[in-house]
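Trainee:
Numbering (our numbering), first residue to last: 651 to 1004.
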């Protein structure tokens, strides 16, 4: 009597210290270690979903196709071309545990709201530091994070329909976009923050305040893209695709140019380094510097917000601000223009006429 083939499953390889997917004679490494069983299970679910998608013929009704299959197809088709690939991976990893085994007809307002509630619950998350130390933290997903994840789900469903997997499109209910906090530093607060920061964090702060770029763009900035002779910085690497989180290039302000010339004497391929090596995050460094300085609500993004706010306060116009900080004029008008001395200037002039 022939033996039944076992379904795809996980097993732990002691020699490699990682979870592996075994499917008949096929073995696929997940890349997840002994403490990452949940992540390995997600990888298994995606693997199974990909196999199911490849076996399908023709468009399916929503009740015949799982969300896991849709996400797997989207990851396969778009993973190599999407600009923000890390965001796509993280979003799919967050979506799969809740949505993976549900069929597409379950995607509606009530389940989207339930997903938001589930993601809002504190969950134990483990991360490994560069020194090999494992840190456990309770984390919750913000409304903006859930909105981004559900946006990926919507994109995956749209892709499934356009590629002939789904017989009709399906709408995802997104959480409302939250109000942007208008937290920015005064000159005095910025000086206190710089004074209380570690050297590599101090570099980040100064770069952020003078360029108004996002944390990732600054931390990934290499010296090869800093031209002190021409006085320019290119935040986007050659061949790198532009995403919604724009980077662009700038002319170097005089004050920052002096710092850059001094920093270049130190070792390291990147501008912001710690002991000669690149830095992945400064969130903890910023938080500790803010605590020592007696400041509240300071994050890396607040520094970007501060840079644009200061420039607009000095009278920088909408178009010039949008060009320098590589953002849209609409963003400048919506979030920063109320700080400008020219805000409603024309309206006030007309209203005050006798």
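C-beta: ideal position from N, C-alpha, C; glycine also.
#1: For the structure I just gave you, are there three or more beta carbon pairs, one from the stretch 948–961 and one from the stretch 826–842, closer than 8 Å?
#2: Taking the alpha-carbon positions, what's the residue 690 to residue 714 distance?
#3: Here's the rule: buried if 16 or more other CB atoms are within 10 angstroms of the residue's CB, otherwise exposed. What is residue 788?
#4: Can residue 744 be considered in contact with the ligand FAD, in the sense that its beta carbon sits closer than 7 Å to one or more heavy atoms?
#5: Would you call the CB atoms of residue 875 and residue 887 closer than 8 Å?
#6: Would you check if there are 3 or more beta carbon pairs closer than 8 Å linking the stretch 978–986 to the stretch 841–859?
#7: Please state whether DSSP places residue 894 in a helix, a strand or coil.
#8: According to the Cβ coordinates, are residue 687 and residue 658 closer than 8 Å?
#9: Can you list, in chain order, the residues of its chain whose CB lies under 6 Å from that of residue 724, leaving out five sequence neighbours each side?
#10: With 16 other CB atoms within 10 Å as the buried threshold, where does residue 933 fall?
#11: For residue 803 versus residue 738, is the C-beta spacing smaller than 8 Å?
#12: Which residues does DSSP list as the beta-bridge partners of residue 668?
#13: Could you work out which residue in 821, 711, 908 and 741 is closest to residue 760 when comparing CA atoms only?
#14: Could I get the ranges of all uninterrupted alpha helix (DSSP H) runs contained in the stretch 708–745, with 4 residues as the minimum, in chain order?
#15: Quick check: what's the CA-CA separation for residue 741 versus residue 915?
#16: Determine the contact status of residue 717 and residue 770, defining contact as a CB-CB distance below 8 Å.
#17: Just how far apart, CA to CA, sit residue 697 and residue 799?
#18: Would you kindly work out how many angstroms separate the C-alpha atoms of residue 837 and residue 953, rounded to a whole number?
#19: For residue 797, does the three-state DSSP call read helix, strand or coil?
#20: Expressed to the nearest angstrom, what Euclidean distance is found between the alpha-carbon atoms of residue 949 and residue 937?
#21: Please state the DSSP three-state secondary structure of residue 808.
#22: So what's residue 900 in DSSP terms, helix, strand or just coil?
#23: Among 790, 935, 873 and 910, which has the Cα closest to the Cα of residue 919?
#24: Contact defined as beta carbons within less than 8 Å: I believe residue 817 pairs with residue 710. What is the distance between those atoms, to the nearest angstrom?
#25: State the DSSP-derived secondary structure class of residue 924, mapped to helix, strand or coil.
#26: Is the Cβ-Cβ distance between residue 825 and residue 766 less than 8 Å?
#27: Helix or strand or just coil, what does DSSP make of residue 970?
#28: Keeping to the same chain, check which residues put their C-beta closer than 7 Å to that of residue 748; ignore five residues upstream and five downstream.
#29: Please state whether DSSP places residue 678 in a helix, a strand or coil.
#30: Tell me which same chain residues have a C-beta within less than 8 Å of the C-beta of residue 910, skipping the five on either side of it?
#31: Just reading off the beta strand (DSSP E) that residue 938 is part of, what are its end residues?
#32: Here's the rule: buried if 16 or more other CB atoms are within 10 angstroms of the residue's CB, otherwise exposed. What is residue 617?
#33: In chain order, what residues of the same chain lie with their CB nearer than 6 Å to the CB of residue 797, ignoring the 5 residues before and after it?
#34: Can you tell me whether residue 669 is buried or exposed, with buried defined as 16 or more other CB within 10 angstroms of its CB?
#35: Is the CB-CB distance between residue 859 and residue 840 below 8 Å?
#36: Classify residue 894: buried if its beta carbon has 16 or more other beta carbons within 10 angstroms, exposed otherwise.
Mentor: In terms of the structure at hand:
#1: yes
#2: 26 Å
#3: exposed
#4: For the structure depicted, the ligand FAD is absent and the ligand set is empty, with no information on it obtainable.
#5: yes
#6: no
#7: Note on residue 894: pLDDT 48, under 50, position unreliable in the model; the coordinate value appears next. Correct three-state label for residue 894: coil.
#8: no
#9: 806 and 809
#10: exposed
#11: no
#12: 663
#13: 821
#14: 717–728
#15: 40 Å
#16: no
#17: 20 Å
#18: 12 Å
#19: helix
#20: 7 Å
#21: helix
#22: strand
#23: 873
#24: 6 Å
#25: strand
#26: yes
#27: helix
#28: 765 and 768
#29: strand
#30: 876, 878, 902 and 921
#31: Element bounds for residue 938: not the beta strand (DSSP E) but the alpha helix (DSSP H), 933–943.
#32: The requested residue 617 is not part of the displayed model; the chain covers only 651 to 1004.
#33: 824 and 825
#34: buried
#35: yes
#36: Residue confidence for residue 894 is low, a pLDDT of 48 falling below 50, so the modelled location carries little weight and cannot support an answer.
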